[in-house]
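Here the protein sequences line up with chains Y and H, keeping their order.
Residues in the first sequence are numbered from -5 upward in steps of one, following our numbering.
Residues in the second sequence are numbered from 3 upward in steps of one, following our numbering.
A virtual CB, placed ideally from N, CA and C, is assigned to each residue, including glycine.
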Amino acid sequence: MKALSEAAPDAASLNPARHRLYLAQLLQYGLYAQAFTLLLPLLFTLVSILGIADGLEFQAQYLLQANRHSVSETAMLSFILALVNVCALVVLLVGALAREWWLLLVAGVTMLYNLALLFFWQHLASGITLGILCFTLIRARADLPQLRFNPVMRKELRARMRGIRAFVILSIYLSLMSAVAILLYLIFVPQVQATGSVAIGTIGRDLFRGMVALELLLIIFIAPAFTAGSITGERDANTYDLIRMTMIPSPAFIIGKLESAIGYILLLMCATAPLLALAFLFGGVSQLELALSFELVVVTSLLFGAVGMYYSAGAERTLAASVRSYLTNLAFLFAIPLATLLLLRIIETLVGSSTSPVFEAILWYSRDILISLNPFLAALSTQQLLVREGVLTFGQQILASNGAQIPTVAPWISYTLFYLLGSGALVVLTMRRLRYELD
Amino acid sequence: METSIIQSTGLSKRYGKFTAVNELSLHVPAGSIYGFVGPNGAGKTTTMRMLTTLTRPSAGEAWVAGHSIHHDRREVRRAIGYMPDDFGVYDDLRVWEYLDFFAACYDIPESERRPLVHDLLELVELSHRRDDMVDQLSRGMKQRLSLARTLAHDPRVLILDEPASGLDPRARVEIRELLVSLAGMGKTVFFSTHILADVSEICSHIGIIEAGQLIIQGSMNEIRAELMSHREVIVTLADAASASRAHGILRNAPTVLEAELLPPRGGRHSVLVKSDGDDEAIGALNQRLVNAEVLVLGFTEETRNLEAMFMRITKGIVT
Chain Y
-5 MKALSEAAPD AASLNPARHR LYLAQLLQYG LYAQAFTLLL PLLFTLVSIL
45 GIADGLEFQA QYLLQANRHS VSETAMLSFI LALVNVCALV VLLVGALARE
95 WWLLLVAGVT MLYNLALLFF WQHLASGITL GILCFTLIRA RADLPQLRFN
145 PVMRKELRAR MRGIRAFVIL SIYLSLMSAV AILLYLIFVP QVQATGSVAI
195 GTIGRDLFRG MVALELLLII FIAPAFTAGS ITGERDANTY DLIRMTMIPS
245 PAFIIGKLES AIGYILLLMC ATAPLLALAF LFGGVSQLEL ALSFELVVVT
295 SLLFGAVGMY YSAGAERTLA ASVRSYLTNL AFLFAIPLAT LLLLRIIETL
345 VGSSTSPVFE AILWYSRDIL ISLNPFLAAL STQQLLVREG VLTFGQQILA
395 SNGAQIPTVA PWISYTLFYL LGSGALVVLT MRRLRYELD
Chain H
3 METSIIQSTG LSKRYGKFTA VNELSLHVPA GSIYGFVGPN GAGKTTTMRM
53 LTTLTRPSAG EAWVAGHSIH HDRREVRRAI GYMPDDFGVY DDLRVWEYLD
103 FFAACYDIPE SERRPLVHDL LELVELSHRR DDMVDQLSRG MKQRLSLART
153 LAHDPRVLIL DEPASGLDPR ARVEIRELLV SLAGMGKTVF FSTHILADVS
203 EICSHIGIIE AGQLIIQGSM NEIRAELMSH REVIVTLADA ASASRAHGIL
253 RNAPTVLEAE LLPPRGGRHS VLVKSDGDDE AIGALNQRLV NAEVLVLGFT
303 EETRNLEAMF MRITKGIVT
């Protein structure tokens, strides 16, 4: 029985005050500071528009400069860059609350990204993020050994991969994807036979588009199915009280469940990668597009998984949680494209040389925001921008009213940022719902 | 005065107009085996859920190992190993993975978990089922596995809700033995039951709850002394002749209130003795028979005592 008493963690490490890592606390303050940098570009724009002080404007431009010359471009670019850092800090904070080891990985990538911005683009605001991260990691270095593999994730993945279920889901998923690939191909064959010739790149691209759309659709319905039962399922099985009695913090529980769902979805995606690669046989699709599609699917599964989790925390039964998450999903899938269509009609009818440029810019930006809330619209317009205009990150929109150019962001970037922030917010809301129960 | 490891004052739980637990004041001494007895629906589970911080009390306060269930909830959970009545197990896990998972949830480092799981399985005698799936275990084994889980973080108090319910006699005895050996390891065992035999065999302390109210609590000896005016001993003898001899001797012995010759059962003859004496006086009765060269086959205190006691003090109010 020696190990019994030895293995028991000493009281100090489980003291309620230590329950929340110092690291998480510092990251929370860092997040506030980083959120403040979102204001810098706005301030800069204001200074430029009002032309208050040339010296100040120069200072601000120097701070935010990213090898761009126009005021609006600089402001837009630095706003997005700051938003990326805010996202990174949200992810880091959630990781610290759940004591996840991957926090170090994310911190490393964020630091590299900011270093690159600093050296190649002289974007001085990156220094703020670098400072926050270095300070946090050095001050809270004592907490680093507490980071670990999530026990809930490990348990869930073990249980999920056992037995026939995981195999059946994978088989059904692959059969569906293959069937659609064959169907798409069969649709194109008569076209070729009728016309005698066809741009082979078009076949490849359409095939790819169809497959990614199906993949997104399946993921949107699979991700909540995995997470909607995560808390209600434990309640139903009478295991939830046992978990509640342990020392596991609610973020670790939630993140563990989410990780296991996403882990399985990653497996599904890896399994379908050869099918997507069929598009390469025909050409017309670049590796970049494949990588972007992969990124979009992962981010999508994260948000929709978090939606299922959120409803699971508030529902008594898994069924109720599933119904609620699917209703939310349907709203995302149908309401947003409808709203976008409506907005496009408005733009079509209203916008002309007589509209005010500011109003027009607002309309265009609203369209962009709507597009980057829906996975299909975001994926499609990202590809169109890439193929037609060669725009991967930042582009231009010409205003009909005065012919001026306004800067735009590729939808995949805004989509990723929105969905990451949305997932972070949902995790926090889920934590709040479970606060009394788990903490 | 013994120090209480679980203590409550005015602990109450109301669901609307229904009062499940009413002004409960528990004292569970450290190191005791405390049987929490009451009919179904008396409020045993609600009380345990309040003590484990799983249910918020409507009123009152309780302390477990010195920590308030309102203010130091994590510390309370840290001090408790809890086994609910209708606990679930993860069917898709192996026995060792199940324990490993809970040990990890208690922040026990990976390097220490392996020997810990080994020791726990040895303690509950499941080492040979280490690599089996949890759902292949019998109910008694699952109960033992669950008990091992409650021990993963070396808690000071075990709160067990009906640990022996639904078990076959053999498994019940095994659980009972485990509880005794855990108390021997210095843990306080607080368990609920409606099986009185469990209580009289292993408990040092007892509390009886009915309709949400604690009717009586204290050490077994105190309660016996308080409630039973006399003790009953059954003396078993080989034949009718020695039975009547024994009857004659015991009838006139000091401290004996009454001696009754029982009708022979299964070829055995026996005498029922009612005495108001203490342990020494009861021992002296046996000595007296031996000195008179009466062949005594059995000399046992009647355990149904407790049932009689229970029937007397509970009013049969079942909510």
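Inset, instruction - For Gln391/Y, write down the residues that DSSP places opposite it in a beta bridge. - result: Within the first sequence, the letter at position 397 stands for residue 391/Y. Answer is Ile400/Y, bridged to Gln391/Y.
Legend entry - 6 Å Cβ shell around Trp358/Y - same chain, five flanking residues per side excluded: Within the first sequence, the letter at position 364 stands for residue 358/Y. Same-chain partners within the cutoff: Gln391.
Legend entry - Inter-residue Cα distance where the pair is Asp4/Y and Ile110/H: As a working note, residue 4/Y is residue 10 in the first sequence. As a working note, residue 110/H is residue 108 in the second sequence. A caution first: Asp4/Y carries a pLDDT of 40, below 50, which makes its placement in the model too unreliable to give a value.
Inset, instruction - Output the distance between the C-alpha atoms of His117/Y and Ala29/Y, rounded to the nearest integer angstrom. - result: The count along the first sequence starts at 1 and reaches residue 117/Y at position 123. The count along the first sequence starts at 1 and reaches residue 29/Y at position 35. CA-CA distance, His117/Y to Ala29/Y, rounds to 17 Å.
Legend entry - Members of the segment 250 to 281 of chain Y that neighbour chain H once the beta carbon cut-off is set at 9 Å: none
Inset, instruction - Given a cut-off of 7 Å, decide if Gly389/Y and Thr402/Y are closer than it, judged by their beta-carbon atoms. - result: For the purposes of this step, residue 402/Y is identified with residue 408 of the first sequence, where counting begins at 1. For the purposes of this step, residue 389/Y is identified with residue 395 of the first sequence, where counting begins at 1. Taking 7 Å as the Cβ cut-off, Thr402/Y and Gly389/Y qualify as a contacting pair.
Legend entry - DSSP-derived helix/strand/coil call for Phe89/H: Walking along the second sequence from the start, residue 89/H turns up at place 87. DSSP places Phe89/H in coil when its eight states are reduced to three.
Inset, instruction - Could you tell me whether the Cβ atoms of Leu379/Y and Ala404/Y are closer together than 7 Å? - result: Position 385 of the first sequence holds residue 379/Y. Position 410 of the first sequence holds residue 404/Y. The answer is yes: Cβ separation under 7 Å.
Inset, instruction - Please report the Cβ distance between Ala67/H and Ala81/H, rounded to the nearest whole angstrom; I am assuming they are in contact, meaning their Cβ atoms lie under 8 Å. - result: The residue given as residue 67/H occupies position 65 in the second sequence. The residue given as residue 81/H occupies position 79 in the second sequence. Right, their Cβ atoms sit about 4 Å apart.
Inset, instruction - Tell me where the alpha helix (DSSP H) around Glu112/H begins and ends. - result: On the second sequence, position 110 is the one that residue 112/H refers to. Run containing Glu112/H: Glu112 to Leu125, per the alpha helix (DSSP H) assignment.
Inset, instruction - Tell me whether Ile204/H sits in a helix, a strand or coil according to DSSP, three-state version. - result: Start at 1 with the first residue of the second sequence, and residue 204/H comes out as number 202. Helix at Ile204/H.
Inset, instruction - Go through its chain and collect everything with a Cβ distance to Leu169/H's Cβ below 8 Å, but skip five positions before and after it. - result: For this step, residue 169/H is matched to residue 167 along the second sequence. The residues are Arg141, Gly142, Gln145 and Ile177.
Inset, instruction - Return the bridge partner residues of Asp163/H from the DSSP annotation. - result: Position 161 of the second sequence, counting from 1, holds the residue named residue 163/H. Answer by DSSP bridge pairing, in chain order: Ser194/H.
Legend entry - Nearest-angstrom Cβ-Cβ length linking Thr57/H and Lys15/H, presumed shorter than 8 Å: In the second sequence, counting from the first residue as 1, residue 57/H sits at position 55. In the second sequence, counting from the first residue as 1, residue 15/H sits at position 13. Indeed they touch by this definition, with Cβ atoms about 7 Å apart.
Legend entry - 8 Å contact criterion, which Leu21/Y and Ala90/Y should meet: CB distance rounded: The residue labelled residue 21/Y in the question sits at position 27 within the first sequence. The residue labelled residue 90/Y in the question sits at position 96 within the first sequence. The Cβ separation is near 5 Å, so the contact holds.
Inset, instruction - Please report how far the alpha carbon of Leu71/Y lies from the alpha carbon of Ser408/Y, in whole angstroms. - result: Here residue 71/Y refers to the residue found at position 77 of the first sequence. Here residue 408/Y refers to the residue found at position 414 of the first sequence. About 12 Å.
Inset, instruction - Leaving aside the five residues before and after Gly24/Y along the sequence, list all residues of the same chain whose C-beta is less than 7 Å from its C-beta, in chain order. - result: The residue labelled residue 24/Y in the question sits at position 30 within the first sequence. So the list reads Leu83, Ile126 and Thr130, once near-sequence residues are dropped.
Inset, instruction - Measure the alpha-carbon distance for Ile340/Y versus Leu138/Y and round it to whole angstroms. - result: Along the first sequence, read from residue 1 onward, the residue named residue 340/Y stands at position 346. Along the first sequence, read from residue 1 onward, the residue named residue 138/Y stands at position 144. Using only the alpha carbons, I get a separation of about 53 Å.
Legend entry - Within 7 Å, strictly: CB atoms of Leu297/H and Ser246/H: If you number the second sequence from 1, residue 297/H lands on position 295. If you number the second sequence from 1, residue 246/H lands on position 244. Cβ distance not < 7 Å, so Leu297/H and Ser246/H don't count as in contact.
Inset, instruction - Name, please, each residue of chain Y whose Cβ falls closer than 7 Å to the Cβ of Leu56/H. - result: Taking the first residue of the second sequence as 1, we reach residue 56/H at position 54. What Leu56/H touches in chain Y: Asp235 and Arg238.
Legend entry - CA nearest to the CA of Glu94/H, picked from Leu178/Y, Gly157/Y, Ser287/Y and Glu209/Y: Translated into the one-based positions of the second sequence, residue 94/H becomes position 92. According to the sequence as given, residue 94/H is Asp; it is not Glu. When each option's Cα is compared against that of Asp94/H, the closest is Gly157/Y.
Inset, instruction - For the segment 132 to 164 of chain Y, enumerate the residues whose C-beta is nearer than 7 Å to any C-beta of chain H, in chain order. - result: If the cut-off is 7 Å between Cβ atoms, the segment 132 to 164 of chain Y has Pro145, Lys149, Arg152, Ala153, Arg156 and Gly157 near chain H.
Inset, instruction - Could you list which residues in chain Y have their beta carbon closer than 7 Å to that of Phe349/H, in chain order? - result: The requested residue 349/H is not part of the displayed model; chain H covers only 3 to 321.
Inset, instruction - With distances taken Cα to Cα, identify the nearest neighbour of Ile214/Y among Pro369/Y, Leu168/Y, Asp200/Y and Ser224/Y. - result: Position 220 of the first sequence, counted from the first residue, corresponds to residue 214/Y. Nearest of Pro369/Y, Leu168/Y, Asp200/Y and Ser224/Y to Ile214/Y, Cα basis: Pro369/Y.
Inset, instruction - Take Thr302/H as the anchor and find which of Leu229/H, Thr47/H and Gly285/H has the nearest alpha-carbon. - result: In the second sequence, residue 302/H corresponds to position 300, counting from 1. Minimum Cα distance to Thr302/H is reached at Gly285/H.
Legend entry - Residues that DSSP places opposite Thr302/H in a beta bridge: The residue given as residue 302/H occupies position 300 in the second sequence. DSSP lists Ile236/H as partners of Thr302/H.
Legend entry - Continuous alpha helix (DSSP H) assignments of at least 4 residues falling wholly in the segment 304 to 352 of chain Y: 312 to 324 and 330 to 344
Inset, instruction - Select from Met171/Y, Ala265/Y, Ala398/Y and Gly257/Y the residue whose C-alpha is nearest the C-alpha of Ala207/Y. - result: Mapped onto the first sequence, residue 207/Y falls at position 213. For the residues Met171/Y, Ala265/Y, Ala398/Y and Gly257/Y, the minimum Cα distance to Ala207/Y belongs to Met171/Y.
Legend entry - CA-to-CA distance, Phe161/Y to Met135/H, given in whole angstroms: Mapped onto the second sequence, residue 135/H falls at position 133. Mapped onto the first sequence, residue 161/Y falls at position 167. Distance between the alpha carbons of Met135/H and Phe161/Y is about 19 Å.
Inset, instruction - Following the continuous alpha helix (DSSP H) through Gln2/H, name the residue where it begins and the one where it ends. - result: The requested residue 2/H does not occur in the structure, where chain H is confined to residues 3 to 321.
Legend entry - Beta carbon proximity, Ala11/Y to chain H, threshold 7 Å: By 1-based counting over the first sequence, the position of residue 11/Y is 17. Its pLDDT being 39, under 50, Ala11/Y is placed unreliably by the model, and the measurement read from it follows with that caveat. Nearest CB-CB separation between Ala11/Y and chain H: not below the 7 Å threshold.
Inset, instruction - Confirm, please, whether the CB-CB distance from Ile208/H to Gly37/H is below 7 Å. - result: Position 35 of the second sequence, counting from 1, holds the residue named residue 37/H. Position 206 of the second sequence, counting from 1, holds the residue named residue 208/H. For Gly37/H and Ile208/H, yes; Cβs fall inside 7 Å.
Inset, instruction - In the DSSP assignment, find the alpha helix (DSSP H) that holds Val175/H and state where it starts and stops. - result: Within the second sequence, residue 175/H is the residue found at index 173, counting from 1. Segment Pro171 to Gly186, the alpha helix (DSSP H) holding Val175/H.
Inset, instruction - Pull up the distance between the alpha-carbon of Glu150/Y and that of Ile237/Y, whole angstroms please. - result: Here residue 150/Y refers to the residue found at position 156 of the first sequence. Here residue 237/Y refers to the residue found at position 243 of the first sequence. So the alpha carbons of these two residues sit roughly 13 Å apart.
Inset, instruction - Quick one: grab the DSSP three-state call for His249/H. - result: Locating residue 249/H in the second sequence gives position 247, where the first residue counts as 1. Three-state DSSP puts His249/H in a helix.
Inset, instruction - Just mark His130/H as buried or exposed, buried being the case when its beta carbon has 16 or more other beta carbons within 10 Å. - result: Position 128 of the second sequence holds residue 130/H. With fewer than 16 Cβ atoms within 10 Å of its Cβ, His130/H is classed as exposed.
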